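Notes follow once the structure below has been shown.
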Amino acid sequence: MKLWGGRFEGGPSEVFDRFGRSLHFDKTLIDVDLRGSAAHARGLARIGILSAAECAALVQALEAMREEAKDPSYFDNSAEEDVHTVVIRKLKERLGADLADKIHTGRSRNDQVSLDVRLWLREQIDEARQLLTGLMAELLALAERYPDALIPGYTHTRRAQPVLWTHYLLAYFEMFARDWERLGDARRRVNVMPLGSGALAGSGFPIDREAVAAELGFDSVTRNSMDVSGDRDFLLDFEHAANLIMLHLSRLAEDWILYTGEEFGFMDLGDGVTSGSSMMPQKRNPDSLELIRGKAGRVFGGYMGLLVTMKGLPMTYNRDMQEDKEPLFEVVSQLLQSLEMAAVVVQTAVLKPQVTHKAVEDSWAVATDLADALARAGMPFHQAHKVVGRLVLESVRAGKNAKDWTAAELTAFSEHFTPEMALLLDPAEGIKTRGLKGGTGPDAVATAFAEAKQRLAAMRG
Ligand code: ARG
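Quick note: the sequence shown uses my numbering, first residue 862, plus one each step.
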């Protein structure tokens, strides 16, 4: 069955028929397609295209089909082009052609497919946001398990300055909080009702678009039919947000793949999220995190693909746009799975604070604290930097750590060193000098943590 056969003398070639079909993937949209069609039927009834009885029969049939379509075998033996065509065929079987053929009045598959994807994606975004806040809650719980733990903060993968473990985890909290907002922004642009745009020029029927929008839970209606027909920005907005989530997950995965390895030894992951080697009996590999890192690449590919598909398209709809769906479904599926996996990994994570403290102490990560102290006492910072640089050089030559130095010994490098400054050789003291908002000082971090908890509670509503 075709929705467009009238002006054709011959049917499509077998190859083109196969080539153009989208049912095997756009069947994902069956439920939203049926809900959208029911709302459209009510819209048609309000303007007298359908009688009340016809509308009731259509809506009832569409509702029944929603139930039946939950069975995966619903699409067996369907040779239709796409999900919209299957729905019409099944409506005809139920209600007869005279009634079923009315459902597509004033509608094109172009505004229909936009409606379907918007309805579907809106729910996926809500799901993603929930998983994201679940992950954020796990990060806070992990921080709470080690309130005083210090780790080396890195730049260039070199130990740089001591930071609180909580401060490190809150950095990821901030990334995911922005991601949560970005998903919300994307949702706002997804949640606009396109039906009534027709193929490109607007419907020829005075459908009450606002009423259809209200029925389907949309915030507003689209303003330009040509724009609707050619627009996939709302997918790109979502995919951008999804990409950044995957990027952040991938960086967290990368950190922890390193931190759980023998060379760092900072953390352990639970047995439940690691796997062994078929050959090397001792191995315990962080596959869950590696898969998250790997899936990020796939998700980026989906986004790039849609950008390239769209970039050269003339106004308005072009069949190229059918290629938006498989990557979108893939992006959503990989995103949701990765978020779910990441939360479980965080749940199992065990920090080894004695190891991370030793890494801080073995590295002169406190050097900046000493230089800052000299500068606070009036020494120009570049000079203070040089003084401490000399101290570090001498310490490295002598094979000593920061904590091996006494206050008296420091004065050999500068008369401005005081006993109070020597306290900063202890990293737990040094971090107290970073108490400004956003810094790793314990009070600042405690405040940030409390705020994070409140912010998360507000996000979870
Ligand atoms: N399967 C099509 C898509 O996903 C539906 C729209 C078809 N419209 C058309 N003019 N051929 O884009």
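All C-beta atoms in this analysis are idealised placements derived from N, C-alpha and C, irrespective of residue type, glycine included.
These figures come from a predicted structure and were not determined experimentally.
Minimum C-alpha distance to residue i - residue among the options
| i | options | result |
| --- | --- | --- |
| A1289 | G1302, P1280 and T1279 | G1302 |
| Q985 | E1255, F1190 and V1248 | F1190 |
| M1202 | V974, L992, D1233 and P873 | L992 |
| G967 | L1061, E924, L923 and A1010 | L1061 |
| G1126 | V1134, A1226 and D1116 | D1116 |
| I908 | G1239, S1064 and R1020 | S1064 |
| F1161 | K1144, L1105, M1128 and M1141 | L1105 |
| E1124 | F1034, V1216 and E1035 | V1216 |
| K1264 | S1138, F1278 and V1227 | V1227 |
| M1182 | V1169, L1119, S912 and L1317 | V1169 |
| A958 | M862, L1119 and A1319 | M862 |
| W1225 | L1212, P1147 and L1286 | L1286 |
| L1235 | V1207, K1213, F1274 and W1266 | F1274 |
| L952 | Q921, R1039 and H1101 | Q921 |
| G1322 | A899, D987, V1134 and L980 | D987 |
| R896 | A1038, Y1120 and M926 | M926 |
| K1213 | T1294, D1009, P1188 and V1089 | D1009 |
| G1163 | L1097, S1199 and Q1208 | L1097 |
| V1207 | A1232, L1150, H1218 and E1222 | L1150 |
| R1112 | T1308, L1231, F1242 and A1032 | A1032 |
| T1177 | R1093, N1052 and A1002 | R1093 |
| A940 | W981, A902, G995 and F880 | F880 |
| F1066 | S1194, A902 and Y1120 | A902 |
| A989 | A1311, L1000, H965 and L1200 | L1200 |
| Y935 | L956, D892, A913 and L1174 | D892 |
Secondary structure of residue i, DSSP reduced to three states
| i | result |
| --- | --- |
| M1176 | coil |
| M1140 | coil |
| L1212 | strand |
| S1224 | coil |
| A940 | coil |
| D1287 | coil |
| K1293 | helix |
| K1298 | coil |
| E870 | coil |
| I803 | Nothing about residue 803 can be reported from this structure: the residues present for the chain run from 862 to 1322 only. |
| F1274 | coil |
| E1123 | coil |
| I1118 | helix |
| W865 | coil |
| M1282 | helix |
| K1247 | helix |
| R1048 | helix |
| K931 | coil |
| K1219 | helix |
Any non-hydrogen atom of ligand 1 closer than 6 Å to residue i Cβ
| i | result |
| --- | --- |
| M1202 | no |
| V893 | no |
| R1093 | no |
| D943 | yes |
| S1064 | no |
| S883 | yes |
| M1182 | yes |
| R970 | yes |
| V1169 | no |
| V974 | yes |
Anticipated Cβ contact below 8 Å, residue i with residue j, distance rounded
| i | j | result |
| --- | --- | --- |
| L976 | P1055 | 5 Å |
| D887 | V948 | Actually they are not in contact, since the Cβ atoms of D887 and V948 sit about 11 Å apart, beyond 8 Å. |
| G904 | A1075 | Not confirmed; about 11 Å, so no contact. |
| L1196 | A1103 | 5 Å |
| L1130 | A1220 | Contact flag wrong, Cβ pair sits at about 18 Å. |
| E915 | K963 | 7 Å |
| A1021 | Y1029 | At roughly 12 Å, the Cβ-Cβ gap does not stay under 8 Å, so A1021 and Y1029 are not in contact. |
| F1037 | H1109 | 6 Å |
| P1147 | T1121 | 6 Å |
One or two residues paired with residue i in a DSSP bridge
| i | result |
| --- | --- |
| P1023 | P1013 |
| N1262 | According to DSSP, N1262 bridges with nothing at all. |
| S1081 | V1053 |
| M1128 | L1212 |
| N1146 | S1136 |
Residue i beta carbon near ligand 3 (any heavy atom closer than 6 Å)
| i | result |
| --- | --- |
| V978 | For the structure depicted, ligand 3 is absent and the ligand set comprises only ligand 1. |
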